[in-house]
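First comes the structure, then the notes that go with it.
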Amino acid sequence: MIGRARARAAQWLAGYPSITTQEHWTAVDRYICDRLLSQDRVLDGALAASDAAGLPPIATSANQGKLLELLVRVHGARRILELGTLGGYGTIWLARGLPQDGRLVTLEAEPRFAEVARANIASAGLAEVVELRVGPALETLPALEAEGAAFDLIFIDADKQNDPAYLEWSLRLSRPGSLIIADNVIGAGAIIDPDARNPWGEGGGVQGVRRFYDLLGAEPRLSATAIQTVGDKGHDGFALALVTDAQ
Ligand code: DHB
Ligand code: MG
């Protein structure tokens with residue numbers, strides 16, 4: 045029956061126009077941003093500074109950044125942990141969703157990226173809200189646990205080969221009700237092909253993300269899904285996982 049329903053849906057969709065080029069996705073992202081997002085000198089400046097410093101051009105897109113801000117607000121998050129600061133563009137979006145007394149800790153392995161991020165975060169007026177810790181996350185996460193930190197929302201967006209370890213750390217640094225979001229869980233579809241050319245460099249990214257999915261699916265304390273996206277940043281997607289009180 046499910047097979048029949050899927051076949052009918054596929055037949056229905058076959059009548060839709062199919063324009064699947066990067067150019068078209070980018071134009072549609074522009075349409076969305078022009079109508080729904082305000083011009084923002086701070087965010088534009090953060091991107092320009094990241095570009096001038098030669099950071100990889102992989103910051104979250106504007107409409108996805110806005111989604112992060114909205115998720116923070118919908119969730120009422122007061123404590124956020126971000127893994128992978130890059131130039132701080134996504135950090136600024138996340139921090140903007142926080143209430144007055146909210147705080148965000150962000151972890152960045154690359155000192156050169158962190159320096160750019162620190163300036164961008166200060167320009168956004170968020171130096172008192174955001175704490176940036178420099179060093180590989182697997183080396184800085186234990187200190188957070190030792191300090192008794194617990195986060196309402198965790199955004200995983202660092203080196204993809206360590207996504208499984210980041211998920212385990214996220215469970216240790218959260219509580220029932222916390223939301224875990226992971227970026228880049230589709231990789232232009234590479235995720236379903238273990239032999240695909242690695243879209244995240246040579247560090248075992250695809251295998252890391254595939255193990256991340258396996259952990260996510262097997263972990264009774266998490267209720268999760270993942271969503272494919274297209275846009276400025278090609279075909280990718282994010283995973284959302286709610287920490288439950290299941291044992
Ligand atoms: C890459 C990393 C990201 O976090 C992202 O959003 C897009 C691409 C990368 O390493 O290629
Ligand atoms: Mg990313």
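Residue numbers for the sequence shown follow the working numbering, so the first one is 45 and each next one is one higher.
Just so you know, even glycine gets a beta-carbon here, dropped at the ideal spot from N, CA and C.
Every value quoted in this text rests on a predicted model; they were computed, and no experiment measured them.
When you measure from the CB of residue i to every non-hydrogen atom of the ligand MG, does any distance come out below 8 Å?
i, result
"D78", "no"
Select from the options the residue whose C-alpha is nearest the C-alpha of residue i.
i, options, result
"K19", "D88, R140, G261", "Lying outside 45 to 291, the shown extent of the chain, residue 19 is not represented and no answer is given."
"P155", "G169, G131, A168", "G131"
"D201", "G275, L188, W244", "W244"
"P208", "G275, R50, D258", "D258"
"P264", "V229, I225, L215, I230", "L215"
"F282", "L57, L142, Y210, V229", "V229"
"V287", "L115, L260, G278, I102", "L260"
"P180", "R241, A103, R50, L127", "L127"
"F223", "I235, D203, F199", "The question names Phe, but residue 223 is Leu in the sequence shown. Nearest option by C-alpha distance: F199."
"D73", "P101, A90, Q108", "Q108"
"S167", "I225, A270, A103, A90", "A90"
"L182", "L170, A153, A171, G169", "A153"
"D276", "V116, L125, I102, I225", "I102"
"P231", "A58, A268, Q272", "It is worth fixing the name first, because residue 231 is Gly in this sequence and not Pro. It is Q272 whose Cα lies nearest to the Cα of G231."
Measuring CB to CB, does residue i end up less than 9 Å from residue j?
i, j, result
"A93", "N206", "no"
"D280", "D237", "no"
"A158", "T129", "yes"
"V173", "L148", "yes"
"A121", "V160", "no"
"Q162", "L176", "According to the sequence as given, residue 162 is Arg; it is not Gln. It is a contact, given that the beta carbons lie within the stated cut-off."
"C77", "A54", "no"
"W69", "V274", "yes"
"R255", "I235", "no"
"G233", "D203", "no"
"T104", "Y75", "no"
"L376", "T135", "Past the edges of the chain, shown from 45 to 291, lies residue 376, and the structure says nothing about it."
"A262", "L284", "no"
"Q66", "G252", "no"
"L115", "I46", "no"
"L112", "W137", "yes"
Kindly examine the ligand DHB and report whether one of its heavy atoms sits closer than 8 Å to the Cβ of residue i.
i, result
"P100", "yes"
"P243", "yes"
"K110", "no"
"T104", "yes"
"D73", "no"
"G249", "yes"
"G233", "no"
"G128", "yes"
"D280", "yes"
Of all the CB atoms in chain C, is at least one closer than 9 Å to the CB of residue i?
i, result
"W213", "Of the protein chains in this structure there is only one, and it is not chain C."
Does the contact criterion of 3 or more C-beta pairs under 8 Å hold for the segment 215–227 versus the segment 193–201? Segments in contact, yes.
Pocket of the ligand MG (residues with CB nearer than 5 Å to any heavy atom), chain order: Chain order is used for the residues whose beta-carbon lies nearer than 5 Å to a heavy atom of the ligand MG, namely D201, D227, N228.
Three CB pairs or more closer than 8 Å across the segment 174–188 and the segment 71–90 | In the pairwise beta carbon analysis, the segment 174–188 is classified as not touching the segment 71–90: fewer than three pairs are separated by under 8 Å.
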